[in-house]
Amino acid sequence: MLFTLRPRSPILSAAFVLLIAICLQGASGQAQEIADGENDPVKLFERGQDAHSKGDYKTAIQFYEEAIKLKPEFPEAEFQRAMALLATNHKTEAVEGFNRAVALRPDWTMAYVKFGGFLAFTGSFDKEAEPILRRAIELDDKNLDALVHLAVLRQRAGDLNEALKLIRAATSLKDATHDTWRRRAYIEHAAGDTKAAVSSITRALEVDPRMASDYYDRARFLLEMNDRNRALADLDAMKPTLTTDTHSSIILDIAQLYARAGRPDESLRLLDSLSENDRRRPEVIALRAEIAGDAGSSIEERTALEKLLQHDPQNTSLLARLGSAYRRVDPSKSEGYYYRALQIEPDNPKHATGYAAALVQLRRFAEAVGILQRVINKTPDDYVAHANLALALYELKRFAEALPEYEWLAAKRPEISATYFFIATAHDNHGQYEQALVAYEKFLSQADPANNKLEIEKVNLRLPVLRDQIKRGQGMKRKHP
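Right, dumping it as structure tokens:
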């Protein structure tokens with residue numbers, strides 16, 4: 005079938021023409037608006053801002069550049085372009101753009117603060133950030149952000165004096181925040197002023213008591229000051245914030261603090277709350293062993309410590325713990341771990357004593373003697389050092405030198421019967437029979453029949469002969485006052 009168009013009525017024809025005209029007019033207006041937008045630097049800048057806020061830096065940079073082409077002296081666009089370039093890791097171009105922006109607006113404090121702070125954020129561009137932040141402070145010495153950014157930067161550079169000066173200036177401002185005070189606490193702690201750090205973190209909590217992490221930090225600081233009671237109060241205050249969603253590393257950190265604060269029961273409770281997989285982590289196994297007082301007594305525990313060391317090979321605490329763990333089961337490994345710890349911290353007497361103790365186990369007595377004598381010169385009351393020195397000298401048959409060490413040990417710990425056995429045998433070997441008899445009798449009066457069975461038998465065999473030697477006037481005569 006064929007269809008033919010029927011003539012339109014005059015009214016419909018007129019309406020149709022009017023509609024076409026309106027559509028054409030609307031399209032023409034939209035086209036003009038787009039054309040105006042493409043030729044309006046401010047609108048292009050705003051479109052760049054919109055893309056920038058959505059994280060679309062590439063599009064934002066394009067709009068900023070179009071705006072700058074139309075308006076070469078447009079510092080706001082130069083600055084925002086520089087920030088977008090910095091966000092996309094185009095540092096050189098970003099710095100050039102920033103310099104153009106502040107050349108157009110030399111006293112633009114906000115630009116210096118924001119750009120300098122962004123540069124300083126990662127810690128990779130401190131050299132470029134520092135003069136920018138210093139200029140910001142020149143323009144406004146009460147700008148909180150500039151002071152904090154520069155304080156952190158100077159802390160990283162190792163200049164803790166200036167870092168403290170800057171952060172204290174920041175906290176003196178009326179707009180100082182919780183974060184400002186917390187940053188001050190961290191810098192004071194880094195500077196070795198733990199007491200001041202506690203005061204600052206307390207001030208941070210006063211500003212915002214909801215920050216549970218501050219209780220954790222203050223507990224750490226208080227434990228460094230040996231204030232266990234206040235540290236426990238902070239840990240208990242933080243405990244209600246721990247949930248099943250809390251990351252295992254946070255649980256572990258708090259468990260470690262509870263252990264240091266003298267609450268191993270609470271520490272173990274937290275470790276028990278971890279998932280089965282987390283309970284198998286080396287650091288969890290190591291902490292359990294440490295709490296039990298037998299760190300490294302099992303293969304599993306020693307393996308856990310060694311896995312931790314793989315990730316942190318310069319950790320002297322781990323090296324020393326492994327040195328202690330292997331001292332009896334594998335003295336050569338013990339010697340190696342203590343040696344590494346001593347290379348990192350050569351003035352640490354505990355590492356030196358551990359190293360020497362491993363040498364004693366390896367029967368390298370002469371090497372151990374010199375090390376232990378140096379330790380005792382620095383730390384005269386180190387019982388372990390004296391005990392190992394006494395044994396090393398005894399094994400070298402330097403009985404005259406070993407005796408003062410054993411006498412010192414007996415004075416410090418008179419309840420240890422084995423000390424008198426060594427005193428007696430040292431006197432005996434040195435021909436001082438009367439002194440040997442006194443020490444043997446002291447040993448027998450304190451010795452445990454089960455634990456000291458072998459030594460008791462040896463003494464009982466020796467005593468009749470020794471008494472006979474004394475009766476016959478043999479041996480070095482005891483000097484009477």
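All residue numbers for the sequence shown refer to the numbering used here, where the first residue is 5 and numbers rise by one. Glycine included, C-beta positions come from ideal geometry on N, C-alpha and C. Just so we're clear, the structure is a prediction, and the values are computed from it rather than from any experiment.
Start and end residues, alpha helix (DSSP H) containing residue i
i      : result
Phe225 : 216-228
Met114 : 113-125
Arg207 : 198-211
Ile427 : 421-433
Ser338 : 335-348
Phe67  : 61-74
Arg4   : Any property of residue 4 remains undetermined from this structure, which presents the chain solely from 5 to 485.
Gly327 : 320-330
Met87  : 79-91
Asp316 : It is not in any alpha helix (DSSP H) - Asp316 carries neither H nor E in the DSSP assignment.
Lys178 : Premise fails: Lys178 is in no alpha helix (DSSP H) and is neither H nor E.
Within 8 Å, strictly: CB atoms of residue i and residue j
i      : j      : result
Val288 : Leu236 : no
Met242 : Ala208 : no
Ala414 : Tyr424 : yes
Glu459 : Ala451 : yes
Ile362 : Tyr342 : The sequence given here has Ala at residue 362, not Ile. The answer is yes: Cβ separation under 8 Å.
Ala88  : Ile65  : yes
Asp282 : Ser252 : yes
Val152 : Thr184 : yes
Glu409 : His390 : yes
Ala440 : Leu465 : no
Ile295 : Pro335 : no
Phe225 : Ala259 : no
Ala394 : Phe426 : yes
Leu313 : Arg264 : no
Supposed close pair residue i, residue j - CB separation, criterion 8 Å
i      : j      : result
Ile191 : Ala167 : 5 Å
Leu274 : Tyr262 : 7 Å
Asp163 : Gly121 : Not really, about 18 Å apart at Cβ, beyond 8 Å.
Phe49  : Ala81  : 5 Å
Leu326 : Leu346 : Not confirmed; about 13 Å, so no contact.
Leu123 : Pro79  : Not quite, the Cβ-Cβ distance comes to about 18 Å (not below 8 Å), so this is no contact.
Gly477 : Gln436 : Actually they are not in contact, since the Cβ atoms of Gly477 and Gln436 sit about 14 Å apart, beyond 8 Å.
Ala428 : Phe447 : 6 Å
Ile380 : Ala360 : So it is not a contact: roughly 10 Å between Cβ atoms.
Leu154 : Leu177 : Wrong, their Cβ atoms sit about 14 Å apart, outside the cutoff.
Asn456 : Ser421 : 6 Å
Close Cβ partners of residue i (< 7 Å) along its chain, the five nearest in sequence each way excluded
i      : result
Lys337 : Tyr330
Arg139 : Tyr116
Ala31  : Caution applies to Ala31, whose pLDDT of 40 falls short of 50 and renders its modelled position unreliable; the model cannot decide the point.
6 Å Cβ shell around residue i - same chain, five flanking residues per side excluded
i      : result
Ile205 : Ala189, Asp218, Asp221, Arg222
Asn433 : Phe403
Tyr68  : Gly52, Ala81, Gln84, Arg85
Leu90  : Ala98, Phe122
Residue i versus residue j: straight-line alpha-carbon distance, rounded
i      : j      : result
Glu70  : Pro45  : 7 Å
Ala271 : Asp249 : Checking the sequence, you will find Ser at residue 271 rather than Ala. Whole-angstrom Cα-Cα distance: 18 Å.
Thr96  : Gln84  : 15 Å
Ala290 : Thr181 : 39 Å
Ala396 : Phe369 : 5 Å
Arg332 : Val373 : 19 Å
His355 : Pro286 : 23 Å
Lys47  : Asn319 : 57 Å
Ala443 : Ala293 : 38 Å
Asp60  : Arg172 : 38 Å
8 Å Cβ cutoff, residue i in contact with chain B
i      : result
Gln318 : The structure shown contains no chain B, having only a single protein chain.
Same chain, Cβ closer than 8 Å to residue i, five either side skipped, listed in chain order
i      : result
Ala324 : Tyr341, Tyr342, Ala345, Lys354, His355, Gly358
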